[in-house]
Amino acid sequence: MVMPDTDSRMNHFHHRWLHDQIPGWEREGILTPSAAHALRERHPVEVIGIRTAQFALGGMGALLIGTGLIAVLAYNWDDFSRPVRLLWAFLPLLLAQIFSFTVVRKQEPAPWLCESAGLLQAFAAGGCLAIVSQVYHLGGVWQDFLLGWMLLSLPLAWVLRSQMVLGLYLVGICIWSLSPGTAESLWYESATLYPVLLLAVVPCCGLDYLPGCSGQRPGGSLPTFMRWILVLSASLGFCAAASHAADSAQTVSTWPSQVWMWTLTVGTILLFPLRADAMAEPGRRKPQGILGACWIFTSGLAMTFSSLNKDLPKGVSGALSVPWTWGILAVFAVFAIQAARQHRWVLLSIGSLALTPLMFLPCLSLFSTPGLLAWGCTLHVFFVGVLLIGLEFFGKRGAPRLGAFLLAALVIARMSDSDFSFLTKGLVFIGTGAGFLIFNLQTVRQKAVKNPAPL
Amino acid sequence: MKALPLLVLSFAALLQWGIPLRGIWEQEHVLAHGTLFKVKCAAPDPYDPIRGRYLAVRPLQDRLPVPLNLKKGSELFASVSVDSEGWATFGGLSHTPPAEGEFVKVRSVGRPSEETVAVQWPFARFYLNEKMAPEADQWIAKNISDQNRFIAEIRVLKGKAVLADLVVEGKPLREILKAAPAP
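If you're matching them up, the sequences are chains A and B in order.
Counting in my numbering, the first sequence runs from -3 upward without gaps.
Counting in my numbering, the second sequence runs from 717 upward without gaps.
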């Protein structure tokens, strides 16, 4: 099996161009069938991406029909009696359900049909609930309505394999979990329910990315935009759940505890285990890596400032008194062990930055030296930057440019927080910038040696 | 293999019909068989991002005596009776339904004071169409000096309360707004 190309700078359009040329080259005898197959595997094209236009148009059509119906009804709404209004509430739902049944009964329904049917039925169900609420002046907050609507729409994502409905569900439960609640809410009325709600999408996303699982998700792998929605929803939803857990524990120093719990949550998502072929995919198809690295780098650099981390030890101690934190730590540990087994050293080293305050907590309780945590964080960030570069020298897959960027950012952060003179700061910045440029040049040359340009 | 998707879709369709129909049946049952009460209230005009514009019906009697062992957000029962002038008044709160008389299921909100606690009423919204609600607000501000002259007509049956209509000076608000000139 040929592994997809992840090192070259070919993007989706290049891959697509290549796929368009391959049949012609085969006919002319330039490529053998096996070479053509190998090229297709090495430079895969997202099949789902080609169908994006179909999805978009189908979904847009469904939305326009729904919106148009609502506008027409709204114009004469006050003139209708209650039974007539209820008829208008249920009629679109009935028609949408008939359409969905027709689509499901087909042998191989076209994806755009499934998307349109799913969206229509989801919005018809939501519209029906909204109209009934209006007709009978039902109370309640919009967050509860949103959750009910999302739960009623979820089976459509399962049955019709509708990615639009799945995206709607993920966005809906994320918004619901982020809406302000009270610390005294029961767990199923608060963001703590989010993990259970997210588990419900497993039949749609499948487990095909997890190690040990085989087989493809029916209908192909999740497209890139859906992965971004999934990761954003999961990150925000789990962070909201962590915040609620911190709020509920009234003895906790809330703000620093929450920030550290968010960092730990993002670090756990960063280390989410993947199968070997999923690991080989390009970075943009693994949004948990990009988003996780951005947050953890930012928080890691922020922790090097004494003024920002002075309440952090107290916050971390407080967070450790919350059972939710121990749950995240346990999952983090499991994911970290799996990442070590898969030699994902880059992600492990980045993820370790989330544990920095925890690692230095025992020292802080023994030695009350001011600035100890800031120095400890600085050393840890420095070590991670060096490791990301050094992995390449040990024949492992590293991230040298990322490491160099982290070191440069660390230098800038430390200089801005120091009392050195402008001359010293200037010389350090010049030296760092020059080193950065030389390093970049070396990396480009090394890549050119590894992947020489064709003659 | 198609049997399972059809089964799940059928179950989803049943739920999508069943939940609103159950709500309709409950509301219609209360409207048909419930006892009518008239409650003095105020009615400002906020907005629900999903269900649209409404008048927030707030009974003037919005704080009730604190029951024993009150927990924030807990479900409570408020007894309802009619005073000598024919207006509904809400009595004490209890954790269980009263043995006699009509009562309304409410929920406590906010921190209670020593003697009273705020409650969330089940008949808190009167929906108007997008155009009428802000016009209602403007017309009310212009023509009604005492903004507490709204009367909410509610039907109560075994703890469930349904808002039947919103009345101003004996006339339904919708009819007043239809007849009133545009602001």
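Beta carbons are placed, not taken as given, at the ideal position from N, Cα and C, and that holds for glycine.
Asked                                                                                                                                                                                                     : Found
Could you compute how far the alpha carbon of Pro781 of chain B sits from the alpha carbon of Leu360 of chain A?                                                                                          : 50 Å
DSSP three-state call for Tyr132 of chain A: helix, strand or coil?                                                                                                                                       : coil
Is there a C-beta anywhere in chain B that falls below 8 Å from the one on Leu82 of chain A?                                                                                                              : yes
State buried or exposed for Asn785 of chain B, treating a residue as buried only when at least 16 other CB atoms are found within 10 Å of its CB.                                                         : exposed
Where does Pro814 of chain B sit, in a helix, a strand or coil, going by DSSP?                                                                                                                            : coil
Exposed or buried, which one is Gly279 of chain A when buried takes at least 16 other CB atoms within 10 Å?                                                                                               : exposed
Give the interface partners of Phe839 of chain B over in chain A, defined as CB-CB distance under 8 Å, in chain order.                                                                                    : His133, Gly135
Starting from the C-beta of Leu150 of chain A, find all residues in its chain whose C-beta is less than 7 Å away, skip the five residues before and the five after it, and write them out in chain order. : Tyr165, Ala196
With 16 as the cutoff for other CB atoms within 10 Å, does Leu60 of chain A come out buried or exposed?                                                                                                   : exposed
At the 8 Å Cβ level, is Gln159 of chain A part of the contact set with chain B, yes or no?                                                                                                                : no
In chain order, which alpha helix (DSSP H) runs of at least 4 residues are fully inside the segment 272 to 346 of chain A?                                                                                : 272 to 275, 283 to 298, 302 to 305, 308 to 316, 319 to 337
For Phe727 of chain B, return the contacting residues in chain A, with the cut-off set at a CB-CB distance below 9 Å.                                                                                     : Pro151
Where does Thr832 of chain B sit, in a helix, a strand or coil, going by DSSP?                                                                                                                            : strand
With DSSP collapsed to three states, give me the class of Ser797 of chain B.                                                                                                                              : strand
Taking the continuous beta strand (DSSP E) assigned at Ser824 of chain B, which residues delimit it?                                                                                                      : 819 to 825
Of all the options B:Ala772, B:Phe806, B:Leu737, B:Ala729, which has the alpha carbon lying nearest to the alpha carbon of Lys754 of chain B?                                                             : B:Phe806
Answer with buried or exposed for His376 of chain A, where buried requires no fewer than 16 other C-beta atoms within 10 angstroms of its C-beta.                                                         : buried
Given Ala58 of chain A, which residues of its chain have a CB within under 7 Å of its CB, disregarding the five upstream and five downstream residues?                                                    : Ser112, Leu115, Leu116
Can you give the Cα-Cα distance for Phe378 of chain A and Phe301 of chain A, rounded to whole angstroms?                                                                                                  : 14 Å
Would you say the segment 227 to 246 of chain A touches the segment 257 to 265 of chain A, given that touching needs at least three Cβ pairs under 8 Å?                                                   : yes
Between Val883 of chain B and chain A, is the shortest Cβ-Cβ distance under 8 Å, so that the two count as touching?                                                                                       : no
Once the 5 residues before and after Leu873 of chain B are set aside, which same chain residues still bring their CB inside 6 Å of it?                                                                    : Val746, His749, Gly750
Please report the residue range of the beta strand (DSSP E) in which Lys894 of chain B lies.                                                                                                              : First-last for Lys894 of chain B: 889 to 895, but that is the alpha helix (DSSP H), not the beta strand (DSSP E).
Strictly below 8 Å CB to CB, what residues from chain B border Cys124 of chain A?                                                                                                                         : Gln732, Pro736
Could you round the C-beta distance between Leu308 of chain A and Pro358 of chain A to whole angstroms and report it? I think they count as a contact, below 8 Å.                                         : Wrong, their Cβ atoms sit about 14 Å apart, outside the cutoff.
Residues in its own chain within less than 6 Å of Ile46 of chain A by CB, not counting five upstream and five downstream?                                                                                 : Residue placement at Ile46 of chain A is flagged as unreliable, the pLDDT there being 46, under the threshold of 50; a coordinate-derived value is accordingly withheld.
With a cut-off of 8 Å, does the C-beta of Phe328 of chain A fall near any C-beta of chain B?                                                                                                              : no
Could you give the distance in angstroms between the alpha-carbon of Arg738 of chain B and the alpha-carbon of Arg779 of chain B?                                                                         : 31 Å
Please state if the CB of Ser348 of chain A and the CB of Phe312 of chain A are separated by a distance shorter than 8 Å.                                                                                 : The question names Phe, yet the displayed sequence has Val at residue 312 of chain A. The answer is no: Cβ separation not under 8 Å.
With Leu402 of chain A as the anchor, note down where its beta strand (DSSP E) starts and where it stops.                                                                                                 : Careful: Leu402 of chain A lies outside any beta strand (DSSP E), inside the alpha helix (DSSP H) at 396 to 412.
Would Leu383 of chain A be called buried (16 or more neighbouring beta carbons within 10 Å of its own) or exposed?                                                                                        : buried
Looking at C-alpha atoms only, which residue of B:Ile867, B:Leu844, B:Glu885, B:Arg865 is the closest neighbour of Leu771 of chain B?                                                                     : B:Leu844
Output the distance between the C-alpha atoms of Val883 of chain B and Val155 of chain A, rounded to the nearest integer angstrom.                                                                        : 47 Å
Grab the span of the alpha helix (DSSP H) containing Pro252 of chain A for me, first residue to last.                                                                                                     : 250 to 266
Distance, Cα to Cα, Phe268 of chain A vs Phe331 of chain A?                                                                                                                                               : 6 Å
Classify Leu60 of chain A as helix, strand or coil using the three-state DSSP reduction.                                                                                                                  : helix
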